[in-house]
Amino acid sequence: MLFTKSFVLLASLVSVAVAGPIESRQSATRCGSTSYSAAQVRAAANAACTYYRADDTAGSSTYPHTFNNREGFDFLVNGPYQEFPIRTSGVYSGGMHSQDPSTRPRWNALTNILLVGSPGADRVVINTNCQYAGAITHTGASGNNFVGCTGTS
């Protein structure tokens, strides 16, 4: 009986771990002069996945949205891809600044965390299976193009 309960508990934990939105292979990265920890990369990628799976966007923004990879990055996972802002100050929220739902123009129950309004220049890229693909930035790129952050080429 104890063995059966232990096995069921272990199986439940494994299924939760396997069903998690983003694999833990993403690591710290540097985009231009801005450094992001592995935890910051993971938080942005997880937010992108959560919004994508809910067919929703961050606040009134269009993120996450399709990333067409016109620059030809050699990601470790196959597309199609979605891009989502990464910020050092918290997870991008699409312009909402208050955690009080009565003071915001739009409450999104998916993310009740530190909210950041400007997308900035840096992005994480995931595929539509919610696998982390890489990090890219407008910093140092011409026009509206992207260049890879460290670890993305």
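The sequence shown begins at 435 in our numbering and counts up by one.
All residues carry an ideal CB built from backbone N, CA and C; glycine is no exception.
For residue j and residue i, the rounded distance between their alpha carbons
{"i": "Trp541", "j": "Gly493", "result": "Confidence in Trp541 is poor, its pLDDT being 40 and thus under 50, which makes the residue's placement too unreliable to answer from."}
{"i": "Tyr470", "j": "Gly577", "result": "24 Å"}
{"i": "Ala482", "j": "Pro498", "result": "6 Å"}
{"i": "Arg476", "j": "Gly574", "result": "24 Å"}
{"i": "Thr571", "j": "Pro553", "result": "11 Å"}
{"i": "Gly529", "j": "Asn579", "result": "23 Å"}
Cβ neighbour criterion (16 or more within 10 Å) applied to residue i
{"i": "Ser467", "result": "exposed"}
{"i": "Asp556", "result": "buried"}
{"i": "Asn480", "result": "buried"}
{"i": "Ala473", "result": "exposed"}
{"i": "Ala478", "result": "buried"}
{"i": "Pro514", "result": "exposed"}
{"i": "Arg504", "result": "exposed"}
Proximity below 9 Å, CB of residue i to CB of residue j
{"i": "Thr463", "j": "Thr586", "result": "yes"}
{"i": "Tyr566", "j": "Val511", "result": "yes"}
Per DSSP, the bridge partner or partners of residue i
{"i": "Gln516", "result": "Thr500 and Ile560"}
{"i": "Thr463", "result": "Tyr470"}
{"i": "Arg521", "result": "Gly524"}
{"i": "Tyr566", "result": "Ile560"}
Nearest-angstrom beta carbon gap, residue j and residue i [assumed within contact, 8 Å]
{"i": "Val558", "j": "Ala569", "result": "5 Å"}
{"i": "Gly551", "j": "Ser527", "result": "6 Å"}
{"i": "Cys564", "j": "Tyr486", "result": "7 Å"}
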